[in-house]
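Visitor:
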Amino acid sequence: MPAMLDVVVLFFALGVFARVVKSDLRLPEALYETLTIYLLLAIGLKGGLELSRQPLMDLLPQVLAVVILGALVPLVVTPLLRLAGLKPVDAAGLAAHYGSVSVVTFAVALTAVQQAGLPYESHAALWVAVMEAPGLVVGIVLARLALKRADAGGDSRIRWDLLAHEVLLGKSVLLLMGGLLIGAVAGDAGMAPIKAVFIDPFKGVLALFLLELGLVAGGQLGALKRHGIKLVLVGCALPPLLALAGATTGMLLGLQVGGVALLATLAASASYIAAPAALRVAVPQANTGLAIACALGVTFPFNLLLGIPLYLHLAPYFTQ
Amino acid sequence: MSNKHHPKTKLTLVAEAALEPRLLAELKRHQAHVWTICEVRGAFPEGERDGDWEANRTIEIKVICEPTVADAIADAVLAKYAADYSVVMYFSDVSVLRGERY
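Below, the structure is given as structure tokens:
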């Protein structure tokens, strides 16, 4: 097996295959929910452990930098998507997906960094938690502005209360932040009794989750055919470009080589869980079908197969 | 306890799960007191919703209420959400016991 191809990728491929050949394989929804909760908590807990070891104020510049990075992504991606011929509201809607992050892509990159033995900031989960919302919100605002300009908004007000609830108290941010806090409060000694559940089996659970993601991504192939080759090109071209921004930010922050790779991966990843849900609430006129097809059907497998190995390979060039 | 049957309307709303909080707010606003919700899979004119992904989930809400309330809820849902979301609604006549509960 090639050194850079992680075993979890094969589970993803199995899921895609099962869907393409119309197998009756279907993970029970309750299991899928359980796996999501597990992964988010486990990632948070691992990062939290590290937080317990260092003063929080030292992390402030990093937190600010990743928030700004996330918020800038839709501002750059929206005009690019307009150039690719997307309608203004769809371009901003899809850009919101890229502004947010994919926790599973991060998890795969994390295991790859660990496997490669690269040094990294072990509180990196904190970046995931704070990077989930800013880009999503900026993308939503851009989409609402696009609607206002087109005067097709119907009710053009943004329900900020609903949106804030969806984005900040949705399960991904809640569980990541909750895990970080619990890990930080508990420390090594407190974590020891639950380590056998939350730390050790992580990769096996991730593999199972990727099987499910493969099934869903395989189901997007029809939508991709409908939207044409342009969407595939967009989904493949954006990640390396955004990874470059992430890696540069990592370099400016003076991150270790694994940290640079992780931040590049986060910038390159697109949300396909939190973002579509928030978009449906805030901008129902945006085409979420197109966005999911691009984020989950193209960008996610791209990052899994080519992106993450590439970011790991290039990260040393971005360390001081 | 009386066994007398009372005529009521059952309004069934089938819609994207993302709408659930807002549909429930609509029911409360119209003083509907009795409803059940379940997750379903199926097809709309906009396409199949097989529920294999969070953004693709569908719910079915059954409300039992006075016919006028059912009409008012349906009108409000049509006006606010039908343009941008997949929504199907239909009415059935039902008879209930203890009519004052609805």
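Line by line, the protein sequences are chains E and F. Residues in the first sequence are numbered from 3 upward in steps of one, following our numbering. Residues in the second sequence are numbered from -16 upward in steps of one, following our numbering. Note that CB positions come from ideal geometry on N, CA and C, so glycine has one too.
State whether the stretch 178 to 194 of chain E contacts the stretch 106 to 120 of chain E, with contact taken as three or more CB pairs (one from each stretch) at a distance under 8 Å.
Guide: Not touching, per the Cβ criterion.
Visitor: Applying the criterion that 16 or more other CB atoms from any shown protein chain within 10 Å of the CB defines a buried residue, is Glu37 of chain F buried or exposed?
Guide: Label assigned to Glu37 of chain F: buried.
Visitor: Check Val17 of chain F in the structure and name its three-state DSSP category.
Guide: Note: Val17 of chain F maps to strand in three-state DSSP.
Visitor: I'd like to know if Tyr68 of chain F contacts chain E, where contact means its C-beta is closer than 7 Å to some C-beta of that chain.
Guide: Yes, its Cβ sits closer than 7 Å to a Cβ of chain E.
Visitor: With DSSP as the reference, identify every bridge partner of His(-11) of chain F, one or two as the case may be.
Guide: Partner(s): F:Val79.
Visitor: Alpha carbon to alpha carbon, how far is Leu53 of chain E from Val(-3) of chain F?
Guide: Computed Cα separation, rounded: 45 Å.
Visitor: Any beta carbon from chain E within less than 7 Å of Asp58 of chain F's own beta carbon?
Guide: Closer than 7 Å: no.
Visitor: Whose C-beta lies closer than 6 Å to the C-beta of Gly141 of chain E among residues of the same chain, with five residues either side of it excluded?
Guide: Hits under 6 Å: Pro76, Ala94, Ala97, Ala98, Gly101.
Visitor: Taking only the alpha-carbon atoms, compute the straight-line gap between Glu168 of chain E and Ser174 of chain E and give it to the nearest angstrom.
Guide: The alpha-carbon atoms of Glu168 of chain E and Ser174 of chain E are separated by roughly 10 Å.
Visitor: Apart from the five residues just before and just after Glu123 of chain E, which ones in its own chain have a Cβ nearer than 7 Å to its Cβ?
Guide: If we look at Glu123 of chain E and ignore the five residues flanking it on each side, its Cβ neighbours are Leu257, Gln258, Gly261.
Visitor: From F:Ala65, F:Ile44, F:Tyr73, F:Asp67, pick the residue whose C-alpha is nearest to that of Ala15 of chain F; which is it?
Guide: Of the candidates F:Ala65, F:Ile44, F:Tyr73, F:Asp67, the one whose C-alpha sits nearest the C-alpha of Ala15 of chain F is F:Ile44.
Visitor: For Gly299 of chain E and Cys238 of chain E, what's the separation of their Cα atoms in angstroms?
Guide: Whole-angstrom Cα-Cα distance: 10 Å.
Visitor: Report the rounded CA-to-CA distance for Val23 of chain E versus Leu16 of chain E, giving the unit in angstroms.
Guide: Their Cα atoms are separated by approximately 11 Å.
Visitor: Below 7 Å between beta carbons: does that hold for Ala86 of chain E and Val285 of chain E?
Guide: No, these two residues do not count as a Cβ contact at 7 Å.
Visitor: Going along chain E in order, which residues have a C-beta closer than 7 Å to the C-beta of Glu37 of chain F?
Guide: Result: Ile275, Ala279.
Visitor: For a test of the three-state rule: what should DSSP assign to Arg40 of chain F, helix, strand or coil?
Guide: Coil.
Visitor: Which value, in whole angstroms, describes the spacing of the CA atoms of Pro4 of chain E and Leu307 of chain E?
Guide: Model confidence at Pro4 of chain E stands at a pLDDT of 48, short of 50, so the residue's coordinates are unreliable and nothing is read from them.
Visitor: Tell me the DSSP secondary structure of Tyr73 of chain F in three-state form.
Guide: Tyr73 of chain F falls in the strand class under three-state DSSP.
Visitor: Measure the beta-carbon distance from Ala266 of chain E to Gly248 of chain E and round it to whole angstroms, keeping in mind my assumption that it falls under 8 Å.
Guide: The pair is a contact, with the Cβ atoms about 4 Å apart (cut-off 8 Å).
Visitor: Just how far apart, CA to CA, sit Lys63 of chain F and Glu49 of chain F?
Guide: Their Cα atoms are separated by approximately 21 Å.
Visitor: Which residues, in order along the stretch 283 to 296 of chain E, keep a beta-carbon less than 7 Å from a beta-carbon of chain F?
Guide: Result list: Val283, Pro286, Gln287, Thr290, Ile294.
Visitor: Mind checking the stretch -13 to 17 of chain F against chain E and listing, in chain order, the residues whose C-beta falls within less than 7 Å of any C-beta there?
Guide: So the close ones are Glu(-1), Ala1.
Visitor: Let me see if you follow: with CB-CB separation under 7 Å, is Val325 of chain E close to chain F or not?
Guide: No statement about residue 325 of chain E is possible, as the shown extent of chain E runs from 3 to 322 and does not include it.
Visitor: Is Gly46 of chain E buried or exposed, if buried means 16 or more other CB atoms sit within 10 Å of its CB?
Guide: Looking at its Cβ environment, which holds 16 or more other Cβ atoms inside 10 Å, Gly46 of chain E is buried.
Visitor: Contact between the stretch 53 to 64 of chain E and the stretch 210 to 228 of chain E: three or more CB pairs below 8 Å?
Guide: Contact between the stretch 53 to 64 of chain E and the stretch 210 to 228 of chain E is absent, because fewer than three Cβ pairs lie under 8 Å.
Visitor: Would you decide whether Glu31 of chain F is buried or exposed? Buried here means 16 or more other CB atoms lie within 10 Å of its CB.
Guide: Glu31 of chain F comes out exposed.
Visitor: For chain F, check one thing: does any of its Cβ atoms lie closer than 7 Å to the Cβ of Val18 of chain E?
Guide: Closer than 7 Å: no.
Visitor: How many angstroms separate the CA atom of Ala57 of chain F from the CA atom of Ile275 of chain E?
Guide: Using only the alpha carbons, I get a separation of about 30 Å.
Visitor: Relative to the alpha-carbon of Arg228 of chain E, which residue among E:Glu31, E:Ala295, E:Leu243, E:Trp162 has its alpha-carbon at the smallest distance?
Guide: Ranking E:Glu31, E:Ala295, E:Leu243, E:Trp162 by Cα distance to Arg228 of chain E puts E:Ala295 first.
Visitor: Quick check: what's the CA-CA separation for Leu128 of chain E versus Ile70 of chain E?
Guide: Taking the straight line joining both Cα atoms gives about 14 Å.
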